[in-house]
Amino acid sequence: IPPEKLIDGKAFAEGLRKQIAAEVQVLRDQHGIQPGLAVVMVGEDPASDVYVRSKCKQTGECGMLSVERRLPADTSENELLLLVEALNKDPAIHGILVQLPLPRHINADRVLNTIVPEKDVDGFHPVNVGLLSTGGQALVPCTPLGCSLLLKDRLGDMSGMNAVVIGRSNIVGKPMAQLLLKENCTVTLAHSRTRDLPAVVKAADIVVAAVGIPEMVKGEWIKDGATVIDVGINRLPGSAEGKSRLVGDVETAEAAKHAAGITPVPGGVGPMTIACLLRNTLTACKRLHGLED
Ligand code: NDP
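With full-length UniProt numbering applied, the sequence shown has no gaps in its numbers, which climb one by one up to 296 at the end.
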C-alpha cells in the first residue's frame with residue numbers, strides 16, 4: 004500500500020490509548036475514580052487466550068483496573084450467571100466482557116443478556132442494540148466503532164456518501180451499517196444473497212468488508228477514490244516452511260490501485276478493536292458516575 008493511501012489502524016489505536024490513559028489519569032486525580040474492566044473466560048481456547056491476555060495487559064497499561072476471571076470448562080451456566088450478577092453489582096467494575104465462544108452447554112445469549120446494559124462494553128445487549136438503532140446513548144460494539152473512528156479521521160464529513168457494508172453479523176455488519184447511517188451515508192448492507200456484489204461495491208464511496216472469506220472483494224470492484232475498511236482476519240496455511248499468514252477479506256494490493264485509502268491486514272482494524280474496548284470502559288465508567296462522556 005502506498006503510504007498516502009495507508010489507513011494505519013495500529014498508529015491510530017496507539018494514539019487513542021494514550022488519550023484514554025490521559026483521561027483515566029484525570030478521573031483518578033480529580034474524582035478519585037478508577038475505571039475497571041472485568042474479562043471473563045470459560046474453558047481454554049488458544050485464540051481467546053491471546054485476546055484475553057492482550058485485553059488485560061492494555062487495560063492495565065492505561066491505568067484502569069483489570070480483573071481477569073478464568074473459569075474451568077465444566078463451569079455450569081448457573082455459576083457463570085452468578086459471577087456476572089456479582090460483577091453487575093461490583094462498584095469497582097464498570098465494564099464486563101464475557102469472552103466468546105462459550106462452551107456448548109452454556110447459553111451465550113442468556114449470559115450476555117444478564118450483563119447490565121450500562122456495563123456491557125461489547126455492546127451486544129439488546130438494550131444497547133436498540134439504543135444504537137434509535138439514536139440513544141448506547142455502548143457500541145468495539146469493531147464497528149473502531150472502523151467508524153478510522154473513517155471519520157480519514158474522511159471528516161461523510162454526509163451523502165454511498166457506503167456498502169458486506170456482511171450482516173450482529174457483531175460487525177449490522178452495527179456498522181447503523182453507525183454509517185448516523186454519519187448520514189446512504190447505506191447498503193450486502194450479504195451472501197446479494198445480487199451482483201461487484202456492481203454494488205463499484206457504486207460505493209466507502210466499502211467495509213466483514214465477510215470472513217480471504218480476499219473475496221476484488222481490487223477491480225473498487226471505485227476510483229473510494230475508502231476501503233477491511234475487517235476480515237483470515238489465517239492462511241503457509242508455505243512449506245509452515246509459517247501461516249493473515250489476510251483480510253479484500254485483495255489489498257489490487258484494491259489499493261483504485262482506492263484513495265485502505266486499511267492493511269494485519270495492522271488495520273484489529274488493533275482498533277481493543278482500543279475501543281478501553282474507550283467503551285471509560286465511557287461506561289463516566290456514565291455510571293454521572294459525568295460527561
Ligand atoms: P460472520 O460469519 O458472522 O458473518 C459473515 C457475513 O458475511 C454474513 O452476514 C454472510 O452473509 C456474509 N457473507 C458470507 N459469504 C458472502 C459472500 N459470498 N458474499 C457476500 N457476503 C457474504 O462473520 P463476522 O461478522 O463475525 O466476521 C467477519 C470477518 O471479520 C471475519 O473474518 C472475522 O475474523 C473478522 N473480525 C475481525 C474483528 C477484528 O477485530 N478486526 C472482530 C470481529 C470479526 P449471510 O448473513 O447471508 O450468511
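No residue lacks a Cβ here, since even glycine has one placed at the ideal position from N, Cα and C.
Item, Value
"Taking the alpha carbon of Cys279 as the reference point, which residue from Leu30, Lys246, Gly35, Cys65 has its own alpha carbon closest?", "Cys65"
"Can you tell me whether Thr286 is buried or exposed? The criterion is at least 16 other CB atoms within 10 Å of its CB, across all chains shown.", "buried"
"Taking the Cβ atom as the reference point for each residue, do Val272 and Val234 lie within a distance shorter than 8 angstroms?", "yes"
"Taking the alpha carbon of Thr78 as the reference point, which residue from Met44, Gln61, Pro94, Ser51 has its own alpha carbon closest?", "Met44"
"Could you check if Gln33 is buried or exposed, using at least 16 other CB atoms within 10 Å of its CB as the buried criterion?", "exposed"
"From this set, Ser151, Ile216, Val42, Asp112, which residue's C-alpha is nearest Ile209's C-alpha?", "Ser151"
"Along the alpha helix (DSSP H) that carries Glu257, what are the first and last residues, could you check?", "255-261"
"Mind checking who Glu71 pairs with in its DSSP beta bridge?", "Val42"
"Could you give the distance in angstroms between the alpha-carbon of Thr137 and the alpha-carbon of Val143?", "13 angstroms"
"Is Ile265 helix, strand or coil when you go by DSSP?", "strand"
"According to DSSP, simplified to helix, strand and coil, what is Gly271?", "coil"
"With Asn237 as the anchor, note down where its beta strand (DSSP E) starts and where it stops.", "237-239"
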